[in-house]
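Just so you know, our numbering puts 28 at position 33 of the sequence shown, and the rest follows in order with no gaps.
What follows is a set of notes on a single structure, which appears directly below.
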Amino acid sequence: ELPALQKRMRALAKQNLKFKKEFISFAEAKKLFSDQPYKLELINELHKNKEKISIYKTDSLFTDLCAGPHVASTKEVNHDAFKLEKIAGAYWRGDEKNPMLTRVYGLAFKTKKELDSQLKMEAEAEKRDHRKLGQELKIFMIDDLVGKGLPIWLPNGTIIKNEIEKLAVEMENEYGYKRVSTPHLAKEELYVKSGHLPYYADSMYPPMKMDDGTFYVKSMNCPHHHLVYKSEIRSWRDLPVRLAEYGTVYRNELSGTLAGLLRVRSLQMNDAHIYCRKDQIEQEFEKVLELNLKYFKIFGLKDYWFRLSKWSPKNKKKYINEPANWKSTESILRKMLKKKKVSFIEADDEAAFYGPKVDVQFKSVIGREESMSTIQLDFSAKKRFGLSYTDKNGKNNNDVFVIPRAPLSTHERFMAFLIEHYAGDFPAWLAPIQAAIIPISEKQNGYAAKILSVLKEYGVRTDIFESGQTLSKRVREAETQKIPYILVIGEKEENKKTINVRDRKTGKQEEMDVNKFVKKISEEIDSRK
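And the structure:
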């Protein structure tokens, strides 16, 4: 029905129909919309605060309840620059207890060129949709028996997940982090101490009453890490202490807000907390920025900028009352952003209650803007958890600053971003299968097995697409799986002890010695090109 509706809309747009605003009494409004229960509901609510109610008339054709404003007439609408796209169910007023209505989605622009550009981008977005590609490439699944927003990583997705975590471990080792592992739940008292209860309770799963107390599944790693820091006496020489964990946390998100991997209930965070003295903040923040930029270079991410969220001295209820720390730490963060020559903006009155933060904003290849990673500064944890160190004079100093950071965001959000960024065509180091061996006939199965053995010896993830289907079908299957290298072997290759290599990235095809290929792909994997 949408094309027919759209045709009618275009015909109306060409007629120069006038829009006229009128005010009527509530009695008149109720009479006018007596057969429309949803509008009557709105009218009754408006009656509490308004003396009159506004309606719009489109000549004599249509009258509707509306606050406005409107264009003066339909001639202001470019009839070639709008399009009805799709429909979806929508609960009345967004409440699942209310009846389900039908929502019609449409696009409208000033020019047809802008509309065509948007439609082209949407077609690309559909092609790259991480939910679609995640299913086709067997990366993850979500099953109603487990629950919405609780992704299960399939073998292919687990390989990618492990490679990303392996990178994080290597980088964090290089930057002096110590890895910890904390439980998935803890006592109520911990989250009261951290401040998550009662203020964050709506985002946490309901409490579990046990024989030795009340427990919650964790929604944040930070209170657990604070306890790790506090588990031993720290000297000024020990600081900074950098604790890292790819920890799983759980958020009680409403089912209607869940969206693939972008909004989930189970999150694996590339989390870490740096405990440092005030004189170390500048150096530590610079190192975190440096680490972020290294990650972005490895993954080939370019269209990003930083957002410095600051406090407001006027909003005393929202922020911890330490004006000197607010001013000095915001100044440090700004100084380091300038030193690294990164693009950044500043946002007033948007900091966390416990300190300023820097978010990394990305524009994806399909034009969507997202908050990816974050660097925060916390000067409230020291009081809540009694964090301290022994200074040079042997005295107890409780001026411990905490830098929470998650450069790779949550694994779920980052994976959604990467799937769409690469369109599922992962670089060799991330690809679940890095090379597909395709023997032309059964006669080459033995040679294929030898090549498989050599590649596996060098840690290359590979598989044999044995004959059972035609050669073209097997090549097509390997291409559909977006495998970086396809190795075709026939009688000629077996006799010469070579392989025919098809490079997915370049489209080139080359016959080469097995050892030469091993060297080529190993260098590509090791360097994470």
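All C-beta atoms in this analysis are idealised placements derived from N, C-alpha and C, irrespective of residue type, glycine included.
Margin query: Quick check: what's the CA-CA separation for M507 versus T405?
Written below: 41 Å
Between F374 and the rest of its own chain, which residues show a CB-CB distance below 8 Å, the 5 nearest in sequence each way excluded? I315, E317, N320, T324, Y349, G350, F396 and V397
Query - Proximal residues to Y170 (C-beta, below 8 Å), its chain only, five neighbours per side dropped - result: R237, K282 and L286
Rounding to the nearest angstrom, what Cα-Cα distance links G419 and N265 in this structure? 22 Å
Does the separation of the CB atoms of L403 and V353 fall below 8 Å?
-> no
Quick one: what's got a C-beta closer than 7 Å to V212's C-beta in the same chain, skipping five residues either side? H179, L180, Y200 and Y245
Note to self: Beta-carbon within less than 7 Å of E80's beta-carbon, same chain only, minus the 5 sequence neighbours each way: which residues are those?
What the structure shows: Y100, G101 and L102
Presumed contact (8 Å Cβ cut-off) between Q10 and T69, rounded CB distance: 6 Å
For a test of the three-state rule: what should DSSP assign to W321, helix, strand or coil? helix
### Task
Tell me, please, whether the segment 432 to 439 touches the segment 464 to 471 by the rule of three or more beta-carbon pairs shorter than 8 Å.
yes
Checklist entry - Are the beta-carbon atoms belonging to M203 and T209 less than 8 Å from one another? => result yes
Report task. Label K330 either buried or exposed according to how many other C-beta atoms from any shown protein chain fall within 10 Å of its C-beta, with 16 as the threshold for buried. Result -> exposed
**Message:** Please classify P146 as buried or exposed, where buried requires at least 16 other C-beta atoms within 10 Å of its C-beta.
**Reply:** buried
Spatial distance of L249 from Y186 (CA atoms)
21 Å
Checklist entry - Is the number of C-beta pairs between the segment 254 to 263 and the segment 223 to 237 that are closer than 8 Å three or more? => result no
Original post:
Using the beta-carbon count (16 or more within 10 Å), is L332 buried or exposed?
Top reply: buried
#### Entry: Three-state secondary structure assigned by DSSP to W300
strand
Worksheet item: With DSSP run on the structure shown, which of helix, strand or coil describes K173?
Response: strand
Point to revise | Local conformation of P402 per DSSP, three classes | key: coil
Where K108 and A76 are concerned, what is the direct C-alpha to C-alpha distance, given to the nearest angstrom? 8 Å
> Can you list, in chain order, the stretches of the alpha helix (DSSP H) that have 4 or more residues and sit fully within the segment 394 to 468?
Replying inline: 406 to 417 and 440 to 452
Limits of the unbroken beta strand (DSSP E) element including I494
T493 to D498
Report task. Reducing DSSP to helix, strand and coil, say where D521 ends up. Result -> helix
7 Å Cβ shell around M119 - same chain, five flanking residues per side excluded: Here residue 119 turns out to be Glu, not Met, going by the sequence shown. The answer, listed in chain order, is I361.
Legend entry - Length of the line joining the Cα atoms of D498 and I481: 7 Å
Taking DSSP as the reference, what is the three-state secondary structure of C271? strand
- [ ] Tell me, to the nearest whole angstrom, how far the beta carbon of H74 is from that of A163; I am working on the premise that it is less than 8 Å.
- [x] Going by Cβ atoms, the distance from H74 to A163 rounds to 53 Å, so no, they are not a contact pair.
Exercise. The beta strand (DSSP E) spanning I38 covers which residue range?
Worked result: From DSSP, I38 is part of no beta strand (DSSP E) but of the alpha helix (DSSP H) over P32 to L41.
- Query: Leaving out the 5 sequence neighbours to the left and right, which residues in its chain are closer than 7 Å to L448 when beta-carbon positions are compared?
  - Reply: Looking at the sequence shown, residue 448 is not Leu but Ser. Counting only Cβ-Cβ distances below 7 Å, and skipping sequence neighbours, we find nothing.
When burial is assigned at 16 or more other CB atoms within 10 Å of the CB, is C271 buried or exposed? buried
Given this structure, state the Cα-to-Cα distance separating K47 from N93, to the nearest angstrom. 27 Å
Note to self: Could you compute how far the alpha carbon of I82 sits from the alpha carbon of R98?
What the structure shows: 6 Å
- Query: What beta strand (DSSP E) runs, 3 residues minimum, are completely inside the segment 125 to 204?
  - Reply: 180 to 182
Going along the chain, which residues of its own chain have a beta-carbon closer than 8 Å to the beta-carbon of N495, five neighbours each way excluded?
L482, V483, I484, G485, E488, Q504, E505 and E506
**Prompt:** Where do the ends of the alpha helix (DSSP H) carrying D111 lie?
**Reply:** K107 to R123
_Could you tell me the alpha carbon to alpha carbon distance between K105 and W148, rounded to whole angstroms?_
43 Å
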